[in-house]
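Notes follow the structure.
Shown next as structure tokens:
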């Protein structure tokens, strides 16, 4: 982990009707850091994720990614800048094959913002065939890394829950991000699947030299894999620190249990 800040959240706020869902939240993420964003239900975690990834527009504050303000970018534009995310509810093309799901992500990255390349591939058969061959090889290599290559021809919707979650992460990695955002990846998983996920997150962080921002309700998972943790409650940041320090803070205990420790 370096000292370089890759993502800076500065006084970020958003309101829905009369409810201030996120209230002047500020935190930074360093390059190659694994940061956990936690808090009880309704704390504003996913809303923060949605603003960072371009799905919501912040009412005030700034989002600086790789030294560039990205507040006003769409989700697709944010992705092109090098930020990819997964969702609490897995989003796959369930009626397409596993490899087709990955190929779609690779093709999106290949052609985004490169109209000239796309037109060239469209009218140059040999060039197009070589591009398709290269993408297919890259897709298979990614699937092999995550031990999903044996399911290449199977429909994504037929995979087990854990395998579907893996595939969603593979699709995100196919866009070659600098920052990967994981929204409750352990949701719906059994104990063994969660243990496998823990190893997977550690693996992809090192293998792909990634910075990771993680929302997760499984406190054991968060406390064992995160370098640092930010805690939200009722839209506000109440803590920011190392896992071993965070878990004993009175404000954090009160947020989760409803009362301060005696």
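In this note's numbering, the protein residues as written are 276 to 537.
Note that the Cβ used here is the ideal one computed from N, Cα and C, for glycine as well.
Sheet register partners of residue i (DSSP bridge)
i, result
"residue 514", "506"
"residue 337", "285"
"residue 487", "309, 455"
"residue 344", "339"
"residue 360", "456"
"residue 377", "None, per the DSSP bridge assignment."
"residue 303", "283"
"residue 372", "430"
"residue 291", "294"
Residue burial classification, residue i (beta-carbon count within 10 angstroms, cutoff 16)
i, result
"residue 361", "buried"
"residue 351", "exposed"
"residue 439", "buried"
"residue 436", "exposed"
"residue 539", "Beyond the ends of the chain as shown, which are 276 and 537, falls residue 539; an answer cannot be given."
"residue 314", "buried"
"residue 388", "Because the pLDDT at residue 388 is just 46, under 50, the model does not fix this residue reliably, and the value given afterwards should be weighed accordingly. It is exposed - the Cβ of residue 388 has fewer than 16 other Cβ atoms within 10 Å."
"residue 412", "exposed"
"residue 478", "exposed"
"residue 278", "exposed"
"residue 319", "buried"
"residue 325", "buried"
"residue 419", "exposed"
"residue 408", "exposed"
"residue 390", "Its pLDDT being 46, under 50, residue 390 is placed unreliably by the model, and nothing is read from it."
"residue 517", "exposed"
"residue 344", "exposed"
"residue 480", "buried"
Beta-carbon separation (whole angstroms), residue i vs residue j, contact threshold 8 Å
i, j, result
"residue 323", "residue 287", "7 Å"
"residue 510", "residue 297", "5 Å"
"residue 460", "residue 491", "7 Å"
"residue 259", "residue 281", "The requested residue 259 does not occur in the structure, where the chain is confined to residues 276 to 537."
"residue 321", "residue 458", "6 Å"
"residue 506", "residue 513", "5 Å"
"residue 311", "residue 497", "4 Å"
"residue 410", "residue 382", "6 Å"
"residue 503", "residue 308", "7 Å"
"residue 414", "residue 358", "Wrong, their Cβ atoms sit about 21 Å apart, outside the cutoff."
Selection from the options that minimises the alpha carbon distance to residue i
i, options, result
"residue 486", "325, 463, 448", "448"
"residue 363", "479, 463, 528, 522", "463"
"residue 369", "442, 320, 338", "442"
"residue 289", "455, 331, 434", "331"
"residue 342", "303, 326, 380, 528", "303"
"residue 515", "346, 357, 291, 300", "300"
"residue 424", "404, 408, 445", "445"
"residue 292", "356, 278, 334, 366", "334"
"residue 456", "336, 277, 354", "354"
"residue 430", "417, 489, 367", "367"
"residue 356", "347, 470, 371, 340", "340"
"residue 380", "523, 451, 306", "451"
"residue 434", "489, 365, 475, 474", "365"
"residue 428", "371, 305, 488", "371"
"residue 471", "306, 528, 422, 337", "422"
"residue 493", "336, 476, 469", "469"
"residue 476", "531, 466, 467, 489", "489"
"residue 306", "483, 519, 508, 523", "483"
"residue 530", "508, 519, 521", "508"
Near the ligand ADP: residue i beta-carbon under 8 Å from a heavy atom
i, result
"residue 508", "Of ligands this structure carries none, so the ligand ADP is not represented either."
- Query: Mind pulling the alpha helix (DSSP H) runs of 4 or more residues that sit fully within the segment 416-469?
  - Reply: 436-449
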